[in-house]
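Undergrad: Every letter in the sequence shown is one number past the one before it in the UniProt record's numbering, and letter 52, counting from 1, is 52.
Where is the CB? At the ideal position from N, CA and C, for every residue including glycine.
One structure, pasted below without further comment.
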Amino acid sequence: MSAQKNNTRQDLLEAGMQEFMKYGYDGASLRRIAKEASVTTGAIYGYFPSKEALFDELTGEAADGLLEMYLQAHKEFAKLPPELQANALDDISDQSAPAIVNYVYDRFDIFKLLFLKSSTGWCDSYLDQLAEIEEASSWEFIKVMKSLGHEVMDIDSTLIHIISRSFFLQLLEFVSHDVPREKALSYACALVRFQHAGWKKIMGL
């Protein structure tokens with residue numbers, strides 16, 4: 001890509017970022033983005049075939065990265081011997097919660113786009129993807145605890161989903177209210193410990 005094309009592409013990304021932040025995905029206009037980047041509306045399509053493609057270019061890598069990061073944390077936990085998992089629960093959480101908060105805060109404006117300015121229904125769908133990772137891990141943990149003889153409370157898939165989604169709703173609140181990073185880290189650790197106290201009660205630990 002030539003330097004001029006690269007500069008135009010970067011100008012479009014910067015203009016797109018401003019436009020999505022101001023108007024949200026649904027209200028954003030390619031015409032205004034083109035004007036801000038000093039190109040014709042038609043010229044945008046040489047770089048991004050649609051408004052969705054431009055939004056994805058701005059946010060996709062960060063969104064996918066958080067999903068992968070969270071998935072890997074649960075994979076590492078699942079590798080632990082069954083008899084060590086209960087005791088390791090707090091240690092793993094004390095590591096993963098700050099890592100997730102720092103990941104988001106290192107890309108704060110991007111996640112503000114994702115959580116607050118995306119297309120209708122997109123944020124809910126994304127939070128559901130994160131929750132699905134937690135749900136699958138929770139069912140596996142329940143199975144392990146039962147195999148070790150713990151008296152696990154009866155719990156259905158709806159409650160598992162609600163509990164699993166709650167951490168990410170809290171993360172969304174941090175971003176929505178511009179909570180400073182250090183407070184967000186403190187809140188996240190406190191909320192995870194609070195949540196795990198409930199999990200331990202459910203698991204009969």
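Cα separation between residue 150 and residue 45?
TA: Each residue's alpha carbon lies about 59 angstroms from the other.
Undergrad: Any chance the segment 102-121 sits against the segment 157-166, with 3 or more Cβ pairs inside 8 angstroms?
TA: As far as the Cβ criterion goes, the segment 102-121 does not touch the segment 157-166, which means the pair count is below three.
Undergrad: For residue 130, is the classification buried or exposed, using 16 other Cβ atoms within 10 angstroms of its Cβ as the cut-off for buried?
TA: Under this definition residue 130 is a buried residue.
Undergrad: Suppose you measure from the CA of residue 203 to the CA of residue 146; what does that come to, to the nearest Å?
TA: In a straight line, the C-alpha of residue 203 is about 8 angstroms away from that of residue 146.
Undergrad: Within its chain, find whatever has a CB closer than 6 angstroms to the CB of residue 142; leave out the 5 residues flanking it on each side and keep chain order.
TA: Counting only Cβ-Cβ distances below 6 angstroms, and skipping sequence neighbours, we find 152.
Undergrad: I'd like the list of long-range same chain contacts for residue 74, defined as Cβ closer than 7 angstroms, with 5 residues on each side in sequence excluded.
TA: Closer than 7 angstroms at the Cβ level, and outside the excluded window around residue 74, lie 133, 137.
Undergrad: Please give me, in chain order, every unbroken run of the beta strand (DSSP E) with length at least 3 that falls completely inside the segment 105-167.
TA: Counting whole runs of 3 or more residues, the segment 105-167 contains no beta strand (DSSP E) stretch at all.
Undergrad: Look up residue 62 in the DSSP assignment and say whether it is helix, strand or coil.
TA: If DSSP states are grouped into helix, strand and coil, residue 62 belongs with the helices.
Undergrad: Straight-line CA distance for residue 110 to residue 195?
TA: The straight-line gap from Cα to Cα measures roughly 27 angstroms.
Undergrad: How close, in whole Å, do the beta carbons of residue 30 and residue 41 come, if the pair is a contact with beta carbons under 8 angstroms?
TA: Between residue 41 and residue 30 the Cβ distance is about 6 angstroms, and since that is below 8 angstroms, they are a contact.
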